[in-house]
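Participant: Residue numbers (mature numbering (1 follows the signal peptide of the UniProt record, and there is no 0)): -18 to -1, 1 to 236.
#1: Taking 7 Å as the cut-off, decide whether the C-beta atoms of residue 144 and residue 162 are in contact.
#2: For residue 182, name the three-state secondary structure that DSSP assigns.
#3: Considering only the beta carbon of each residue, do residue 55 and residue 95 sit closer than 7 Å?
#4: Applying the criterion that 16 or more other CB atoms from any shown protein chain within 10 Å of the CB defines a buried residue, is residue 76 buried or exposed?
#5: If you follow the beta strand (DSSP E) that residue 141 is part of, which residue opens it and which one closes it?
#6: Between the segment 23 to 30 and the segment 98 to 116, can you find at least three pairs of beta-carbon atoms closer than 8 Å?
#7: Any beta carbon of chain C sitting closer than 7 Å to that of residue 56?
#8: Can you list, in chain order, the residues of its chain whose CB lies under 6 Å from that of residue 59, leaving out five sequence neighbours each side?
#9: To the nearest angstrom, report how far apart residue 44 and residue 16 are at their CA atoms.
#10: Cα separation between residue 101 and residue 37?
#11: Do you know how far the Cα of residue 63 is from the Cα of residue 229?
#12: Does the distance from the CB of residue 33 to the CB of residue 82 come in under 7 Å?
#13: Does DSSP put residue 46 in a helix, in a strand, or in coil?
#14: Enumerate in chain order the residues of its own chain whose CB-to-CB distance from residue 183 is below 6 Å, with the five nearest sequence positions on each side excluded.
#15: Considering only their Cβ atoms, is the gap separating residue 155 from residue 198 smaller than 7 Å?
#16: Residue 176 to residue 23, Cα distance in whole Å?
#17: Taking the alpha-carbon positions, what's the residue 194 to residue 160 distance?
#18: Is DSSP giving residue 121 helix, strand or coil here?
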């Protein structure tokens, strides 16, 4: 009798373990990756010295995202991307992240929000005319109407490239080079991304570094600089459909 009870107990235990294992497999296979949507709201025009409010409404599928890892606003004047400034956002809850800024003189400015959430990255942008704008703005409206807001990031419609300029690069220590790519507001995956590094301290030598796609639309590589100085990084992007984009950035190594 004891042997029968022992055998029955073992059978029940194995059945329970098998069921648990099956449930674990199903849980992993049923995970659905949803799109990270960011709706950026900024005024089309504002006056010099006027407070400009920026809002980003962040959703993951139908869910309002209140726990984004990071939401920052990047602002630059037309033709001065290297002089951009970053502004931290305030979490207003219900998926809304806001910030405020003012502008000191007339011009055409780009406002881009960088959102990291759910292991995804999104970076929509819009333009705002301050005061009377600029002469370049008039030419932009006449010749590039359909490229509004994205002409500085590439010539392919819907393509956006953002290089995370290193802020604390020092000699002999690895520096992470990170680029985010999007196409039509979604992560641009499976691209071939290379960093071309040059500097006066390197002479005529150009170093080429292949990047890896760590997460969807994010391409990273590590670079070590032996000498201090000002460096230029040109980001080259290609895909299997004749896309070829490149943008150039400068930063200092101490």
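Positions of the beta carbon are idealized from the N, C-alpha and C atoms, including for glycine.
Facilitator: The answer reads as follows:
#1: One-based indexing of the chain shown puts residue 144 at position 162. One-based indexing of the chain shown puts residue 162 at position 180. Their beta carbons are under 7 Å apart, which means residue 144 touches residue 162 by this criterion.
#2: For this step, residue 182 is matched to residue 200 along the chain shown. In this structure, residue 182 counts as helix in the three-state DSSP scheme.
#3: For the purposes of this step, residue 55 is taken as the residue at position 73 of the chain shown. For the purposes of this step, residue 95 is taken as the residue at position 113 of the chain shown. Cβ atoms of residue 55 and residue 95: closer than 7 Å.
#4: For this step, residue 76 is matched to residue 94 along the chain shown. With fewer than 16 Cβ atoms within 10 Å of its Cβ, residue 76 is classed as exposed.
#5: Taking the first residue of the chain shown as position 1, residue 141 is located at position 159. The continuous beta strand (DSSP E) containing residue 141 extends over residues 141 to 146.
#6: yes
#7: No chain C is present in this structure, which holds just one protein chain.
#8: Taking the first residue of the chain shown as position 1, residue 59 is located at position 77. Cβ neighbours of residue 59 within its own chain (closer than 6 Å, five residues either side excluded): 89, 91.
#9: Your numbering for residue 44 matches position 62 in the chain shown. Your numbering for residue 16 matches position 34 in the chain shown. Rounded to whole angstroms, residue 44 to residue 16 spans 9 Å at the Cα level.
#10: Mapped onto the chain shown, residue 101 falls at position 119. Mapped onto the chain shown, residue 37 falls at position 55. Rounded to whole angstroms, residue 101 to residue 37 spans 21 Å at the Cα level.
#11: For the purposes of this step, residue 229 is identified with residue 247 of the chain shown, where counting begins at 1. For the purposes of this step, residue 63 is identified with residue 81 of the chain shown, where counting begins at 1. One C-alpha to the other measures close to 11 Å.
#12: By one-based count along the chain shown, residue 33 stands at place 51. By one-based count along the chain shown, residue 82 stands at place 100. Going by C-beta atoms, residue 33 is nearer than 7 Å to residue 82.
#13: As a first step, residue 46 must be located in the chain shown, where it is residue number 64. Residue state, collapsed to three classes: strand.
#14: One-based indexing of the chain shown puts residue 183 at position 201. Answer for residue 183: 209, 211, listed in chain order.
#15: On the chain shown, position 216 is the one that residue 198 refers to. On the chain shown, position 173 is the one that residue 155 refers to. Not a contact, by the Cβ cut-off of 7 Å.
#16: Translated into positions along the chain shown, residue 176 becomes position 194. Translated into positions along the chain shown, residue 23 becomes position 41. Spanning the two alpha carbons is a distance of roughly 33 Å.
#17: For the purposes of this step, residue 194 is identified with residue 212 of the chain shown, where counting begins at 1. For the purposes of this step, residue 160 is identified with residue 178 of the chain shown, where counting begins at 1. Cα to Cα, the separation comes out at about 10 Å.
#18: Walking along the chain shown from the start, residue 121 turns up at place 139. With a pLDDT of 47 at residue 121, under the threshold of 50, the modelled position of this residue cannot be trusted; read the value that follows with caution. If DSSP states are grouped into helix, strand and coil, residue 121 belongs with the helices.
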